[in-house]
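Only one structure is covered here, and it is reproduced in the block below.
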Amino acid sequence: MFDAKKTLAKSLRNAREYFLALNDREGVNASCHEIQVPWRFPNNGFHKLNTDGASVDGVIAGTAGVIRDDDGKFVACYCEHIYFNGSNDAEVWAVRDGLKIVVDLGIQKLEVESDSTYTIQLCEAKINPLWRMQRLIEDIKMLKTKFTRIVFNHEYREANGAADCLAKLANKKVLEGKWLQIAPEVISRFLNEDISSRVTPRLVRNMVP
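Going by full-length UniProt numbering, the sequence shown opens with residue 1, and the numbers climb by one from there.
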């Protein structure tokens with residue numbers, strides 16, 4: 001049966017995500033240059049949480065995150081399949097779930113990285129969330145109070161390989177769960193490449209002077 005409200009809601013969600021994608025391109029021209037993107041170790045005394053969300057047609061999605069210490073040593077990771085959520089929802093969901101795990105582990109200083117600028121802006125309260133994300137953002141706001149230091153940073157997808165891999169597998173319902181101390185074999189390559197300071201090339205647009 002045709003549901004006008006659901007169809008309209010999905011259309012509005014897709015339109016907003018398209019607008020945000022276009023907005024990311026403002027201030028750049030067609031010329032590009034290549035940069036080298038590494039995974040960066042967190043500052044001394046900090047842990048790092050890399051998060052990611054993957055979505056198919058805004059209907060089903062996967063969330064994931066990887067936690068490491070300041071030596072790059074694996075601490076924990078997680079991934080989950082979620083329904084009826086777009087990519088932006090999945091990105092925010094991944095941060096919320098990651099913060100819950102980090103708090104349970106008793107970690108006090110944390111760097112959070114996401115390849116979604118929109119998610120970072122939401123977590124830093126620089127923009128207002130859509131109504132459907134308000135509960136997630138309220139959870140994140142509360143969880144932030146559990147840390148002595150917490151910072152949110154945007155990072156390119158090339159530096160987020162382990163979390164990206166888990167999110168895509170969770171999106172397909174191939175893998176779900178939480179791992180402590182021992183990482184699942186599927187992300188071992190990414191973890192090893194990250195601590196070996198491997199870099200990945202990425203083309204970025206030149207800013208208009």
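We put the beta carbon where it would ideally sit given N, CA and C, even for glycine.
Item, Value
"Could you check which residue in Arg132, Thr145, Asn88, Leu143 has the C-alpha nearest to that of Gln121?", "Asn88"
"Let me know the secondary structure DSSP gives Phe190 once reduced to three states.", "helix"
"Which residue from Glu34, His33, Trp39, Ser31 puts its Cα closest to that of Asn192?", "Trp39"
"In this structure, how does DSSP classify Asn206 when only helix, strand and coil are distinguished?", "strand"
"Can you list, in chain order, the residues of its chain whose CB lies under 7 Å from that of Glu26, leaving out five sequence neighbours each side?", "Legend: pLDDT at Glu26 = 45, less than 50; position of this residue unreliable, no value from coordinates given."
"Based on Cα-Cα distance, which residue from Glu138, Asp115, Gly65 lies nearest to Ala183?", "Gly65"
"Please say whether Thr200 and Tyr158 have beta carbons closer to each other than 7 Å?", "Tyr is not the amino acid found at residue 158; the sequence shown has Glu there. Against a cut-off of 7 Å, the Cβ pair of Thr200 and Glu158 comes out as a contact."
"Where does Ala54 sit, in a helix, a strand or coil, going by DSSP?", "strand"
"To the nearest angstrom, report how far apart Thr63 and Gln36 are at their CA atoms.", "26 Å"
"Keeping to the same chain, check which residues put their C-beta closer than 7 Å to that of Leu136; ignore five residues upstream and five downstream.", "Val92, Trp93, Arg96"
"How many Å lie between Asn43 and Arg68 at the Cα?", "11 Å"
"Let me confirm a value: Gly53 is counted as buried when at least 16 other C-beta atoms fall within 10 Å, else exposed. Which label applies?", "buried"
"So, Leu110 versus Phe147, is the Cβ gap smaller than 7 Å?", "yes"
"From this set, His81, Phe46, Val174, which residue's C-alpha is nearest Gly58's C-alpha?", "His81"
"For His47, count neighbouring C-beta atoms within 10 Å of its own C-beta (all shown protein chains included) and say buried if the count is 16 or more, exposed if not.", "buried"
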